[in-house]
Structure formats: structure tokens, C-alpha cells
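Asker: In the UniProt record's numbering, the protein residues as written are 1 to 380. Where is the CB? At the ideal position from N, CA and C, for every residue including glycine. These numbers were taken from a predicted model, which means no experiment stands behind them.
In C-alpha cells:
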């Protein structure tokens, strides 16, 4: 299938999530999806070896159908047209790669650009606000996406869609003090913002169960997913296991990770944790079930249900990174809890569990790299 003409959506980071979005966007809309790859070698490999084709296999369905699409344009920093402006940009790079990946394209981004970050972990906003878009007047329209679908690489530019869940999007405030939004802002963006209209197009919305909401609604979902990732990504990487292999047996360590992280998050995101008592029932503000959603027992059970049962066939992105000897995102997941505890002066032992988890993930990666350097390594 080749893309027909329409609005353009650039994607920076064509891994599992970038490909999941691209395939569904091409299949369900007239959007011209354009990957932005790392360098000319990657572009040539995509064109020559993959024939500019990406694919997503729905392994959660019995017949495991493979959807493939052929893309008409692909660029890297060296080949990007100098007369272009990037109107809509999806960032699905690894968190720690965001700054370096984005910088070559800054001259093509302006205050009218719509930029959405769909990544694991927390803490990237601080980087792009303090180190990239320093001038307030030149900052683009910023959005956040939280995607709960499970996906991992099969081979080349073909990926496996391992578990169907949902995706949430919201306008992301540049200022930490503006995290509470009214429903009227959501309604305004739904009418006026092109990126939101693309994501909420009926067929695309249906293909990934996309929901558009206020930032506080998304933040609640983001923290919930952050807690799931803090358990599933790190533990499967340490154990080198599929998600489903640790079903039930992982609950003890999940509880330790979640309980500690919640204690830190309650301090860091105090307005959200107080939202039910202060804003529920107030005109113009959405109702939020913060207490239930971030309840310790509920989160631990959902980590097991979503992570280990619904996505039982998934191999987490962090496990894949350790297998393929790549740097992991641990500093933006369990490491973010550690950093927050330090930033908030919560004491040396406030994040000891998550600190240990970080050290074990780093140990697993170092061990894999050592083994690979000493002999045959089956993951390449």
C-alpha cells in the first residue's frame, strides 16, 4: 500500500511504537507519514533492504495477520529538504536519545509546529524545555501521548503488535504549575489543532483506541503506566523473560517497586494526588478517580493483568535493549523515581528498591555485553 497525498506527519524514531503508529495511520487515514532516520546509511538500508516498507504483525489475534505499508518519503538530517517546515512531529525515540535526535531538525520547527512525545518514562519535558526550547515565544505546541499497546521487533522493519490496549493524548503544559486544565481547552484543540484532528480521526482513533483528554487525566494514566513500566520493563530485562513468564510470581517485587514509587510520586505530583478533594465536581473540570487508580493493591494487580496476562507474548523494550546490547531507558523509569527522591530531599533510603532495580538492569546489560565480547551472541 502506498500513501496518497494529504497532511504530513513526521515520525522521529521508527522502532516498535513509531511503526505501530505509522502503519495504523497509513491504513486508516490519508496522512503522508514520513520517517526521520538517524543517518544516510539508515535511509539507504530502509530503501534498499526493506523497499521502503514497514509492517506490523498482530500476534494477539489467532491468525496473526501482517499489515505492511510502503512509504513514499524518508529523510535523515543530511537529506531533509531545506525549504520544508515540520507541521506535525511524533517523537518515539528512546527517552535518552530525544535531545540529540531532535536537534538537527530544530530549524524546521516553529511556534506553530505540533510536537507529540510518545515515550516510556518521565523527565523528558525537563530536557526539551531547559536545553532545547529555551525561548518561550519560540516553543511549539507540545503534546504528550501515553500508549499502552505492547509491541516488539520481529525482524528488520517488521514488528509484532503483541497486545491491544489504548492510547491517550493531551496538550502538555510547558510550565509545571499549569498541569490542571479545563475541558474547554480539550474542546478547542479538538476543533482547531491539526495533530489532534489527525489522532482523533474516526478510523485511526478506532485502530488504537485513542482518547483525547486534559493533561491531568493523561498524567494520571501516565503515572499508572509509569508504575507498570517500572515493574515489567525492568524485571523482564533483569530476568531475561517474556512478560507472561513472570505472571503471579512477580507480584512480590512489583509491590516493593510500586509502593516506594508511589511514596515519591505523592510528593512530586501533589496537585494531582489532591485533585479529587479539590476539583472533582468543579464546573469545567473532569472527574478523576485518582485514589482508586493509584491505589497500591490495584496497581499491583493491574501490573500483573496488563503486563503479564494481556501482553503475555510481549518482550519488553528494555529486555530487547539488553538482549541487543543497547543502552536502556532505566534512568527515565525506575531511575526517575530515584532522581525525584533526591531532588525532593526525601532521604537516602527513599528510593532504595528502585535504585537496586536500576543497578541490576545495568548489571544485566554489562553481563550481556561481556558475554557477547567473549564469544557468539545469538541476538544481533
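1. Is it the case that the CB of residue 176 approaches a heavy atom of the ligand HEM more closely than 8 Å?
2. Tell me, please, whether the CB atom of residue 263 is closer than 9 Å to any CB atom in chain C?
3. Could you name the residues of the same chain whose beta carbon sits closer than 7 Å to that of residue 320, not counting the 5 residues immediately before and after it, in chain order?
4. Among residues of its own chain, excluding the 5 on either side of residue 138, which ones have a beta-carbon nearer than 8 Å to its beta-carbon?
5. Less than 9 Å separating the beta-carbons of residue 53 and residue 87?
6. Quick check on the DSSP output: what are the complete alpha helix (DSSP H) runs of length 4 or more inside the segment 29-77, in order along the chain?
7. By Cβ distance below 6 Å, which residues in the same chain neighbour residue 330 in space, the five residues on each side in sequence not counted?
8. State the Cα-Cα distance for the pair residue 158 and residue 279, rounded to the nearest angstrom.
9. Here's the rule: buried if 16 or more other CB atoms are within 10 angstroms of the residue's CB, otherwise exposed. What is residue 172?
10. Reducing DSSP to helix, strand and coil, say where residue 168 ends up.
11. Can you tell me where the beta strand (DSSP E) holding residue 143 begins and where it ends?
12. Helix or strand or just coil, what does DSSP make of residue 12?
13. Buried or exposed: where does residue 191 fall if 16 or more other Cβ atoms within 10 Å of its Cβ makes it buried?
14. Distance check for residue 344 and residue 267, CA to CA, integer angstroms please.
15. Could you tell me whether the Cβ atoms of residue 168 and residue 222 are closer together than 9 Å?
16. Roughly how many whole angstroms lie between the Cα atoms of residue 369 and residue 236?
17. From residue 256 to residue 282, what does the alpha carbon distance come to, in whole angstroms?
18. If you compare alpha carbons, which of 150, 135, 10 and 72 is closest to residue 101?
19. Between which two residues does the alpha helix (DSSP H) containing residue 190 stretch?
20. Could you give the distance in angstroms between the alpha-carbon of residue 44 and the alpha-carbon of residue 22?
21. Measure the CB-CB distance between residue 393 and residue 202 and report whether it falls below 9 Å.
22. Going by CA-CA distance only, name the one from 185, 15, 150 and 352 that's closest to residue 386.
23. Compare the Cα-Cα distances from residue 69 to each of 26, 97 and 38 and report the closest residue.
Answerer: In terms of the structure at hand:
1. Ligands in the displayed structure: none, and consequently the ligand HEM is not present.
2. Here chain C cannot be found, since the structure has a single protein chain.
3. Taking the chain shown and counting its residues from 1, the one referred to as residue 320 is at position 320. Excluding sequence neighbours, residue 320 sits near 152 and 153.
4. To locate residue 138, count along the chain shown from 1; it is residue 138. Cβ within range, chain order: 110 and 111.
5. Counting from one through the chain shown, the residue named residue 53 turns up at place 53. Counting from one through the chain shown, the residue named residue 87 turns up at place 87. Cβ distance not < 9 Å, so residue 53 and residue 87 don't count as in contact.
6. 40-48
7. Along the chain shown, read from residue 1 onward, the residue named residue 330 stands at position 330. These residues qualify, in order along the chain: 358 and 361.
8. Walking along the chain shown from the start, residue 158 turns up at place 158. Walking along the chain shown from the start, residue 279 turns up at place 279. Rounded to the nearest angstrom, the two C-alpha atoms are 45 Å apart.
9. Position 172 of the chain shown, counted from the first residue, corresponds to residue 172. When all chains shown are included, residue 172 counts as buried.
10. Start at 1 with the first residue of the chain shown, and residue 168 comes out as number 168. If DSSP states are grouped into helix, strand and coil, residue 168 belongs with the strands.
11. Taking the chain shown and counting its residues from 1, the one referred to as residue 143 is at position 143. Residue 143 -> beta strand (DSSP E) spans 141-147.
12. Position 12 of the chain shown, counting from 1, holds the residue named residue 12. DSSP places residue 12 in strand when its eight states are reduced to three.
13. One-based indexing of the chain shown puts residue 191 at position 191. Counting Cβ neighbours within 10 Å, residue 191 comes out exposed, since fewer than 16 surround it.
14. The count along the chain shown starts at 1 and reaches residue 267 at position 267. The count along the chain shown starts at 1 and reaches residue 344 at position 344. Between residue 267 and residue 344, the C-alpha separation is close to 8 Å.
15. The residue given as residue 168 occupies position 168 in the chain shown. The residue given as residue 222 occupies position 222 in the chain shown. A contact, by the Cβ cut-off of 9 Å.
16. For the purposes of this step, residue 369 is identified with residue 369 of the chain shown, where counting begins at 1. For the purposes of this step, residue 236 is identified with residue 236 of the chain shown, where counting begins at 1. For residue 369 and residue 236, the distance between alpha carbons rounds to 17 Å.
17. Looking up residue 256 in the chain shown gives position 256. Looking up residue 282 in the chain shown gives position 282. Distance between the alpha carbons of residue 256 and residue 282 is about 35 Å.
18. For the purposes of this step, residue 101 is taken as residue 101 along the chain shown, with counting starting at 1. The shortest Cα separation from residue 101 among 150, 135, 10 and 72 belongs to 10.
19. For the purposes of this step, residue 190 is identified with residue 190 of the chain shown, where counting begins at 1. From DSSP, the alpha helix (DSSP H) with residue 190 extends over 183-192.
20. Working through the chain shown from its first residue, we reach residue 44 at position 44. Working through the chain shown from its first residue, we reach residue 22 at position 22. Rounded to whole angstroms, residue 44 to residue 22 spans 19 Å at the Cα level.
21. Outside the displayed range of the chain (1 to 380) lies residue 393, so it cannot be described from this structure.
22. The displayed coordinates of the chain run from 1 to 380. Any statement about residue 386 would go beyond what the structure contains.
23. Looking up residue 69 in the chain shown gives position 69. Closest option to residue 69, judged by alpha-carbon separation, among 26, 97 and 38: 26.
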